[in-house]
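Asks: In numbering that gives the first Met the number 0, the protein residues as written are 0 to 319.
The structure is given below, and queries will be raised subsequently.
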Amino acid sequence: MATAEAVIQIKWLTKAYGKNEVLRGIDIQVERGTMLALLGPNGAGKTTTVRILSTLLDFDGGDVRVAGHDVKREADKVRRVIGLTGQSAALDELLTGRENLIMMGRLYRLTKASATARAKELLEQFDLVKAADRPAKTYSGGMRRRLDLAVSLIASPPIIFLDEPTTGLDPRSRLAMWEIIKRLMANGTTILLTTQYLEEADQLADQIVVIDGGKVIAKGTAAELKSKVGKDRLELTFKDAATYKSAQDVLGKSVVDANEKEYALSLVINDTNKDVKNILEALDNAKATITAMAVHKPTLDDVFLSLTGKQAKIEKVEAK
Ligand SMILES: Nc1ncnc2c1ncn2[C@@H]1O[C@H](COP(=O)(O)OP(=O)(O)OP(=O)(O)O)[C@@H](O)[C@H]1O
Ligand SMILES: [Mg+2]
């Protein structure tokens, strides 16, 4: 197996604000062309980590490298390969969307012609053509977020940091933002995204790191994290008390939860297809008629709750 290259490398990072130790030894690696989602409750240290990576904030201990460059000693080189967007957004409210883009392009030393061309391209990609020549202060939250991201992409950076890119957006705007992020991923951009929406991490990220109290408390793929908190469950509802009772006799010890009032039983299943087939056959033989059946898979919400003891911000987005 080829050794993957860590484009973002954080080793034993510590940071305190006065006596408040905000980061207490964080390790994170993001491989080239992948997305890592940094999850954590309010105040966990997500923005602090992103600001350190972007060279905007100094830190106390540890080693932080972006594209091989040390963020302390080679800040200039780091800034040339990153785009940052999110909670520290810097849009000029009085300038139009197009002017904001061109101005940022000029800051990145693009020629006037190429800044203008790149601005046009980004306005199209981000669905901002109609609003391009209106001042940014007239933009809605979703449009502003898209412009903010577009601005950070003006110099086509290979690495981007997205700090809560969809917080506060309505479901439609969030889906639009996801599409944009997916396109960036398809182009091979390396992304570190912070979010409080587990659904977002689940849908987009290759790897997830959960931090709380300044420490990494879990890392892995969404599937790995989910499998840690629990197994799939089969929920069955029966026609009446008699069938419910005979089902209970047939299923015996595999029942982990029973609701007598609703004639409902819950079973843990390991191999979804095979287990379900066996259970249904056994019930059929016993003539125990099922009126409803559902498989419940652990969600990242379950993971977050079991790890942090805190409920995640739950805001489901309907898949298209
Ligand atoms: N400039 C600052 N001075 C002092 N303390 C700060 C400063 N910035 C952040 N903190 C503290 O550091 C901790 C981590 O903050 P941070 O903004 O990194 O959290 P976060 O995970 O991004 O939270 P959120 O989900 O609310 O954005 C918090 O306790 C916060 O109060
Ligand atoms: Mg934050």
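A virtual CB, placed ideally from N, CA and C, is assigned to each residue, including glycine.
(1) What does Phe160 pair with, by DSSP beta-bridge criteria?
(2) Which residues in the same chain as Val254 place their Cβ atom closer than 8 Å to its Cβ, once the five residues preceding and following it in sequence are excluded?
(3) Mind reading off the beta-carbon distance from Val63 to Ile81? Whole number of angstroms is fine, and I expect it under 8 Å.
(4) Does the contact criterion of 3 or more C-beta pairs under 8 Å hold for the stretch 280 to 299 versus the stretch 221 to 236?
(5) Provide the residue span of the alpha helix (DSSP H) that contains Asn272, from first to last.
(6) In the DSSP output, which residue or residues are listed as bridge partners for Ser265?
(7) From the DSSP output, which residues share a beta bridge with Arg23?
(8) Using a Cβ cut-off of 9 Å (strictly closer), state whether Gly61 contacts chain D.
(9) Could you check where the beta strand (DSSP E) with Gly141 kicks off and where it finishes?
(10) Measure the alpha-carbon distance for Leu106 versus Met34 and round it to whole angstroms.
(11) Give the DSSP-derived three-state secondary structure of Val228 in the structure shown.
(12) Kindly provide the chain-ordered list of residues whose Cβ lies closer than 5 Å to any non-hydrogen atom of ligand 1.
(13) Measure the CB-CB distance between Leu148 and Leu161 and report whether it falls below 9 Å.
Replies: According to the data block:
(1) Beta-bridge analysis with DSSP links Phe160 to Leu83, Leu191.
(2) For Val254, the CB contacts under 8 Å within the same chain, skipping 5 residues up- and downstream, are Gln247, Leu264, Ser265, Leu266 in chain order.
(3) With 8 Å as the limit, Val63 and Ile81 do not qualify as a contact, their Cβ atoms being about 12 Å apart.
(4) As far as the Cβ criterion goes, the stretch 280 to 299 touches the stretch 221 to 236, which means the pair count is three or higher.
(5) Taken as a continuous stretch (DSSP letters only), the alpha helix (DSSP H) holding Asn272 covers 271 to 284.
(6) Partner(s): Glu234, Asp256.
(7) DSSP output for Arg23 lists Thr13 as bridge partner(s).
(8) Within the model displayed, chain D is absent; a lone protein chain is all it includes.
(9) Here Gly141 belongs to no beta strand (DSSP E); instead the alpha helix (DSSP H) covers 140 to 151.
(10) Distance between the alpha carbons of Leu106 and Met34 is about 27 Å.
(11) In the structure shown, the three-state DSSP call for Val228 is helix.
(12) Ordered along the chain, the selected set is Tyr16, Val21, Asn41, Gly42, Ala43, Gly44, Lys45, Thr46, Thr47.
(13) Remark: C-beta atoms of Leu148 and Leu161 approach each other more closely than 9 Å.
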